[in-house]
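Q:
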Amino acid sequence: MSSSKVQLAKDFATLYPSLPDPEKLQTLRFLYDNYGTDTLALSQTLQTLTTSASASLSQKSAATIRKLSTPKYEALFSRILTDVPRGMETIVSIRSDLRRLDRKAELKQLNQDLHRQLSQWFSSGILELRRITFNNTPASIIEKIAKQESVHPVQSLDDLRARLGGGMRCFGFFHPSLPDEPLVFVHVALMPSLTSSMEQIAEHRSSADVSKEDDAKAAIFYSINSTKDGLAGVELGNFLIKKVAATLQIEFPNITTYSTLSPIPRFRKWLQAKASLTDEFTFSNELEVFGSEAARDTFLSTLDSKSPPADATQALMEMLENPDQLWHKNPTHSAVLKPILTKLAARYLAVEKKRKRPVDGVAKFHMNNGAELFRVNFAADVSRKGLAQSYGLMVNYKYYDSKTIEKNHSAYTNGVLVLSEEIRKQIDK
């Protein structure tokens, strides 16, 4: 490798991060246009081969095609990785810039090529699993964990200490090139049984005793966070869950249940759209919403109005959206709304699809990873964020043994979602 090429990589890595966004995009476009695949040479080579008298492709010809098909900018990225200090950080930031700046997807191929390279460089065999603890992990890493926690934001130092304390676990994946950067991390609660709410986990955190950890029967993955947008689409989270489950199985052989307690980030927006009179994909009738006339009539009986509303669906939405009603704190309203909302959420997760895949991103992630859609939980997260996302609903995705996980993943790739009996009954109503 010539010293001039190494110097070019170093100069690029030094200058690029300091550029303003318009010049960054211009630079990436220049790379794409001038250092991509040599399509002319590739076309000429393929034309020569197709007119050749030989019926089979030689190893030498195959190598030539492979070389011509490889974009020239891939060599630049490889040199940045190997010859520039913190070169990996530069490459990850370049892809993050691509995702942020290339709004018209004009550089889609460059993005895909970078994704492919990063997927190779961040393979599971290279990543290091570390447990994060309040006392033994460097403060700089703990601070990043706290700042990057997006599922359930950290409320205080005591809250953070509890999340990393007894009865709890936090694990992260690290790469040798980025030893101080947690790439993805997961919080786990060691519970006596399957958990249905964040309140249960919070109570467990506040009273957990290290000496009782061995009594745990369930490992609940309640928050998983990726920290690098430039690694979006690189399979990190799915490897992390499986690696952590295997690690916990060795430490706590009594644990028999591995499950998530996951958010449903866009359920509220979906229900709002489905209930809208102007939405072309609206519910076809009230029974599709309530499940039965009895459930609808029971709901209507809880309303304060003297006469029933003309549209029960709109009355439901008004109750859910009324900031002064606090329906989740009203036992009567909660009892009536629970079967309605959990049924609707089950439908959203298991029936609403795009290209045979769930429209919900969290469901797509876990079910592609081999989990079973097990249960929808009512009033599972009644924080402001939880209510704004999903009216407080959360989901358990259960992970079983490795053979079952592989079987479930195979079913998912063939367009079949693995559902529990409870979910099946809800969507069949």
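Be aware that the sequence shown starts at 5, since it is given in the numbering used here, and climbs by one per residue. Virtual Cβ for every residue (Gly too), placed ideally from N, Cα, C.
For the beta strand (DSSP E) that contains Arg173, what are its first and last residues?
A: The sequence position of residue 173 within the sequence shown is 169, counting from 1. Taken as a continuous stretch (DSSP letters only), the beta strand (DSSP E) holding Arg173 covers Met172 to Phe178.
Q: Do you know how far the Cα of Asn139 is from the Cα of Thr264?
A: Residue mapping note: residue 264 aligns to position 260 of the sequence shown, counting from 1. Residue mapping note: residue 139 aligns to position 135 of the sequence shown, counting from 1. Using only the alpha carbons, I get a separation of about 26 Å.
Q: Under the DSSP definition of a beta bridge, which residues are partnered with Lys357?
A: Here residue 357 refers to the residue found at position 353 of the sequence shown. Beta-bridge pairing links Lys357 to Pro362.
Q: What number of angstroms, rounded off, separates the C-alpha of Ala166 from the C-alpha of Ala79?
A: As a first step, residue 166 must be located in the sequence shown, where it is residue number 162. As a first step, residue 79 must be located in the sequence shown, where it is residue number 75. For Ala166 and Ala79, the distance between alpha carbons rounds to 46 Å.
Q: Is the Cβ-Cβ distance between Lys221 and Thr251 less than 7 Å?
A: To locate residue 221, count along the sequence shown from 1; it is residue 217. To locate residue 251, count along the sequence shown from 1; it is residue 247. Not in contact: Lys221 and Thr251 (Cβ atoms no closer than 7 Å).
Q: Using the beta-carbon count (16 or more within 10 Å), is Met5 buried or exposed?
A: Your numbering for residue 5 matches position 1 in the sequence shown. At Met5 the pLDDT is 46, less than 50, meaning the model places this residue with poor confidence; the figure from the coordinates comes in the next sentence. So Met5 counts as exposed.
Q: Could you check whether the Cβ of Pro21 sits closer than 7 Å to any Cβ belonging to chain D?
A: Among the chains in the structure shown there is no chain D, since it carries only a single protein chain.
Q: Find out if the Cβ-Cβ distance for the pair Tyr226, Ala193 is shorter than 7 Å.
A: What you label residue 226 is simply residue 222 of the sequence shown in a count that begins at 1. What you label residue 193 is simply residue 189 of the sequence shown in a count that begins at 1. Closer than 7 Å, so yes.
Q: Could you have a look at Tyr39 and say whether DSSP puts it in helix, strand or coil?
A: For this step, residue 39 is matched to residue 35 along the sequence shown. DSSP places Tyr39 in coil when its eight states are reduced to three.
Q: Does DSSP classify Asn418 as helix, strand or coil?
A: Numbered from its first residue, the sequence shown carries residue 418 at position 414. Reduced to three states, the DSSP call for Asn418 is coil.
Q: Thinking C-beta only, is Ala349 closer than 7 Å to Val386?
A: Taking the sequence shown and counting its residues from 1, the one referred to as residue 386 is at position 382. Taking the sequence shown and counting its residues from 1, the one referred to as residue 349 is at position 345. Not closer than 7 Å, so no.
Q: Please confirm whether Gly176 and Arg134 have their CB atoms less than 7 Å apart.
A: The sequence position of residue 176 within the sequence shown is 172, counting from 1. The sequence position of residue 134 within the sequence shown is 130, counting from 1. Yes, the Cβ-Cβ distance between Gly176 and Arg134 is below 7 Å.
Q: When the Cα atoms are used, what is the spatial distance from Lys407 to His413?
A: As a first step, residue 407 is located in the sequence shown; it is residue number 403 there, counting from the start. As a first step, residue 413 is located in the sequence shown; it is residue number 409 there, counting from the start. The straight-line gap from Cα to Cα measures roughly 10 Å.
Q: Helix, strand or coil, according to DSSP, for Phe225 in the structure here?
A: Here the question's residue 225 lines up with position 221 in the sequence shown. Three-state result, Phe225: strand.
Q: I need the straight-line Cα distance from Arg388 to Pro157, nearest angstrom please.
A: Reading the sequence shown from its first residue, position 384 is the one you call residue 388. Reading the sequence shown from its first residue, position 153 is the one you call residue 157. Whole-angstrom Cα-Cα distance: 12 Å.
Q: Here's the rule: buried if 16 or more other CB atoms are within 10 angstroms of the residue's CB, otherwise exposed. What is Leu353?
A: In the sequence shown, residue 353 corresponds to position 349, counting from 1. So Leu353 ends up on the buried side.
Q: Suppose contacts are defined by Cβ-Cβ distances below 7 Å. Is Thr306 in contact with Thr336 by that definition?
A: Within the sequence shown, the letter at position 302 stands for residue 306. Within the sequence shown, the letter at position 332 stands for residue 336. Cβ atoms of Thr306 and Thr336: closer than 7 Å.
Q: Using the DSSP secondary-structure output, state which residues sit across from Val380 in a beta bridge.
A: For this step, residue 380 is matched to residue 376 along the sequence shown. Paired residues: Val399.
Q: Provide the residue span of the beta strand (DSSP E) that contains Ser263, from first to last.
A: As a position in the sequence shown, residue 263 is number 259, starting the count at 1. It spans Thr261 to Thr264 - the beta strand (DSSP E) in which Ser263 sits, taken as one unbroken run.
Q: Can you tell me the Cα-Cα spacing of Leu32 and Lys112, whole angstroms?
A: Your numbering for residue 32 matches position 28 in the sequence shown. Your numbering for residue 112 matches position 108 in the sequence shown. For Leu32 and Lys112, the distance between alpha carbons rounds to 11 Å.
Q: Relative to the C-alpha of Phe126, which residue among Lys14, Phe178 and Gly171 is closest?
A: Along the sequence shown, read from residue 1 onward, the residue named residue 126 stands at position 122. Checking every option, the nearest Cα to that of Phe126 belongs to Phe178.
Q: From Leu85 to Gly241, what does the alpha carbon distance come to, in whole angstroms?
A: By one-based count along the sequence shown, residue 85 stands at place 81. By one-based count along the sequence shown, residue 241 stands at place 237. Using only the alpha carbons, I get a separation of about 23 Å.
Q: Kindly list the residues whose CB is nearer than 7 Å to the CB of Pro435, restricted to its own chain and excluding five residues on each side of it in sequence; keep chain order.
A: Because the chain in this structure spans residues 5 to 433, residue 435 falls outside the shown range and cannot be described.
Q: With a Cβ-Cβ cutoff of 7 Å, do Val363 and Gly234 count as a contact?
A: Here residue 363 refers to the residue found at position 359 of the sequence shown. Here residue 234 refers to the residue found at position 230 of the sequence shown. No, Cβ-Cβ distance for Val363 and Gly234 is not below 7 Å.
Q: Taking the continuous beta strand (DSSP E) assigned at Ala193, which residues delimit it?
A: Within the sequence shown, numbered from 1, the residue matching residue 193 stands at position 189. Val188 to Met195 is the span of the beta strand (DSSP E), which, as asked, contains Ala193.
Q: Do Lys342 and Phe369 have their C-beta atoms closer together than 7 Å?
A: Position 338 of the sequence shown, counted from the first residue, corresponds to residue 342. Position 365 of the sequence shown, counted from the first residue, corresponds to residue 369. Result no, Cβ atoms of Lys342 and Phe369 do not sit closer than 7 Å.
Q: How about Lys148 and Pro186: do their beta carbons lie closer than 7 Å?
A: Reading the sequence shown from its first residue, position 144 is the one you call residue 148. Reading the sequence shown from its first residue, position 182 is the one you call residue 186. Taking 7 Å as the Cβ cut-off, Lys148 and Pro186 qualify as a contacting pair.
Q: Assuming contact is defined by CB atoms lying nearer than 7 Å, are Glu217 and Gly171 in contact in what I supplied?
A: Within the sequence shown, the letter at position 213 stands for residue 217. Within the sequence shown, the letter at position 167 stands for residue 171. Result yes, Cβ atoms of Glu217 and Gly171 sit closer than 7 Å.
Q: What distance in whole Å lies between the Cβ atoms of Phe303 and Leu291, which are believed to be in contact at a cut-off of 8 Å?
A: Numbered from its first residue, the sequence shown carries residue 291 at position 287. Numbered from its first residue, the sequence shown carries residue 303 at position 299. 12 Å between Cβ atoms; not a contact.
Q: So, with DSSP's three-state summary, where would you put Glu132?
A: Taking the sequence shown and counting its residues from 1, the one referred to as residue 132 is at position 128. Looking at Glu132 - three-state DSSP - the assignment turns out to be strand.
Q: Is the stretch 60-72 touching the stretch 34-49 in the sense that three or more CB pairs, one from each, lie closer than 8 Å?
A: Enough Cβ pairs lie closer than 8 Å, so yes.
Q: I need the boundaries of the alpha helix (DSSP H) containing Gln318, first residue and last residue.
A: Within the sequence shown, numbered from 1, the residue matching residue 318 stands at position 314. Run containing Gln318: Ala316 to Glu325, per the alpha helix (DSSP H) assignment.
Q: I'd like the list of long-range same chain contacts for Glu93, defined as Cβ closer than 7 Å, with 5 residues on each side in sequence excluded.
A: Within the sequence shown, residue 93 is the residue found at index 89, counting from 1. The residues are Leu182.
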